[in-house]
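First residue of the sequence shown: 65, per the working numbering; consecutive thereafter.
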Amino acid sequence: MNKYLDVNDEVKEALRSGKPVVALESTIISHGMPYPQNVETAKRVEDTVRKEGAVPATIAILGGRLKAGLTVDQLDYLGKAGTAVTKVSRRDIPFIVSTGKDGATTVASTMIVASMAGIGFFATGGIGGVHRGAEKTFDISADLEELAQTDVAVFCAGAKSILDIGLTLEYLETHGVPVIGYGTDEMPAFYTPGSGFSVDYRLDTPDLIASALKSKWDLGLKGGAVIANPIPDKFAMDEAVISRAIEQALQELSQKGIKGKESTPFLLARVSELTGGDSLASNIELVLNNAVLAAKTAVAYYK
65 MNKYLDVNDE VKEALRSGKP VVALESTIIS HGMPYPQNVE TAKRVEDTVR
115 KEGAVPATIA ILGGRLKAGL TVDQLDYLGK AGTAVTKVSR RDIPFIVSTG
165 KDGATTVAST MIVASMAGIG FFATGGIGGV HRGAEKTFDI SADLEELAQT
215 DVAVFCAGAK SILDIGLTLE YLETHGVPVI GYGTDEMPAF YTPGSGFSVD
265 YRLDTPDLIA SALKSKWDLG LKGGAVIANP IPDKFAMDEA VISRAIEQAL
315 QELSQKGIKG KESTPFLLAR VSELTGGDSL ASNIELVLNN AVLAAKTAVA
365 YYK
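Structure (structure tokens):
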């Protein structure tokens, strides 16, 4: 076990006894939603994982220690602290650890800590990707590079719809990361079930996904996989409404000169404001939906 890593007792016992564990990120708590919805959602997601027969392991950095599994008090702390907690990707980890600070983990850094702990399944909202206009800015999420090298399957509602989904899929293909559509041939677009872009493979049951992942890792093929799980129709947003909100938010992003890792939190918050909170409600439901699929797949894998 890595000397910088603390695994809580529940997660440690599950890993020791070969029980399924599902990792969960903490940036969604501190930067993805306002308090108290963020903490309420985090607790609901953990409860959802448990109901499906797996053990949740929310991941963060607290006091310079990598944490796999958080207490209720720690979840509440991250929710109240919000954006005062540093958003941490791969490049940031050593600096947050060495200075003893707190960090909320993104998809990339959650994958890293999950892999250190021996956790291969991770449920989140949506992955990062190639940002619109990346041909000029070169703004590409570290999530994609991590998926190419770290053996963790990421269950998500596709790429965030503020991104260039077509280029994101091209990037994943180049790096050998399979994109699996759960019950769909089309890459979901976070708030909506479809994007118009095809996934690599469609698999219709958690058992089939578990079997594919086992074959991949048994063959020694490094890297993770994207399991794209469409938001349920009853929680999806009208495509025209969400598109208008995203376009306006992107214009404001450019006008304000916001760049880098602050871009996504700004865009998600602004889209939520422009949609009267509807996008936040959809965001919560899709995270819960992904937690169910990740837990079911982890259970199937460990059978």
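Cβ coordinates follow ideal geometry from the N, Cα and C atoms, glycine included.
Closest residue to Ile92 among Gly127, Thr150, Val85 and Leu69 (Cα-Cα distance):
Thr150
Distance, Cα to Cα, Phe330 vs Val103?
19 Å
Verify whether the separation of the beta carbon atoms of Gly133 and Asn72 is less than 8 Å.
yes
Suppose the cutoff is 7 Å on Cβ atoms and the five residues either side in sequence are ignored; what does the same chain contact list for Leu142 look like?
Ser90, Ile93, Ser94, Ala124, Val149 and Ala168
For Leu79, which residues in the same chain have their Cβ closer than 8 Å to its Cβ, ignoring the five residues on either side in sequence?
Val71, Val85, Ala181, Gly182 and Ile183
Rounded separation between Lys362 and Glu303 - CA only
Position check: residue 362 holds Ala in this sequence, whereas Lys was assumed. Whole-angstrom Cα-Cα distance: 32 Å.
Give the DSSP bridge partners of Ile204, in chain order.
Val194
What number of angstroms, rounded off, separates the C-alpha of Lys131 from the C-alpha of Gly164?
13 Å
Can you tell me whether DSSP reads Lys151 as helix, strand or coil?
strand
Compare the C-alpha of Asn347 against each of Tyr246, Gly197 and Ile191 and name the closest.
Ile191
From Ser81, Thr174, Lys107 and Arg155, residue whose alpha carbon lies closest to that of Leu69
Thr174
For Pro296 and Ser343, the rounded distance between their alpha carbons:
14 Å
For Asp111, the first and last residue of its enclosing alpha helix (DSSP H)
Gln101 to Lys115
Measuring CA to CA, which of Asp215, Ile229 and Ser307 is closest to Ala197?
Here the sequence assigns Gly to residue 197, which means Ala is not the residue at that position. Gly197 has its Cα closest to that of Ile229, out of Asp215, Ile229 and Ser307.
Where Asp228 falls: helix, strand or coil (DSSP)
coil
Distance cut-off 7 Å: Leu139 Cβ against heavy atoms of the ligand MG:
The model on display carries no ligand, and the ligand MG is accordingly not part of it.
Looking at the strands, I want to know which residues DSSP matches up with Gly340.
For Gly340, which the question treats as bridged, DSSP gives no partner whatsoever.
Could you pull the start and end residues of the beta strand (DSSP E) that Asp140 belongs to?
Unbroken run through Asp140 is the alpha helix (DSSP H), Val136 to Ala145; no beta strand (DSSP E).
Terminal residues of the continuous beta strand (DSSP E) containing Phe261?
Looking at the DSSP string, Phe261 is not in any beta strand (DSSP E), and its letter there is neither H nor E.
DSSP three-state call for Gly324: helix, strand or coil?
helix
Under DSSP, the alpha helix (DSSP H) around Phe159 begins and ends at which residues?
Ile157 to Ser162
Secondary structure at Leu126, three-state DSSP: helix, strand or coil?
strand
7 Å Cβ shell around Val241 - same chain, five flanking residues per side excluded
Leu211, Ala212, Gly287, Gly288, Ala289 and Val290
Considering only the alpha carbon of each residue, which of Glu199, Lys360 and Pro252 lies closest to Pro294?
Pro252
Is Ala364 closer than 8 Å to Val335 when the C-beta atoms are compared?
no
Need the endpoints of the alpha helix (DSSP H) that Asp70 sits in, please.
Careful: Asp70 lies outside any alpha helix (DSSP H), inside the beta strand (DSSP E) at Leu69 to Val71.
Here's the rule: buried if 16 or more other CB atoms are within 10 angstroms of the residue's CB, otherwise exposed. What is Val136?
exposed
With distances taken Cα to Cα, identify the nearest neighbour of Leu139 among His239, Val152, Leu88 and Lys115.
Leu88
Closest by C-alpha distance to Cys220, when choosing among Asp203, Asp249 and Val171
Val171
Buried or exposed: which applies to Pro270, given that a residue is buried once 16 or more other Cβ atoms fall within 10 Å of its Cβ?
buried
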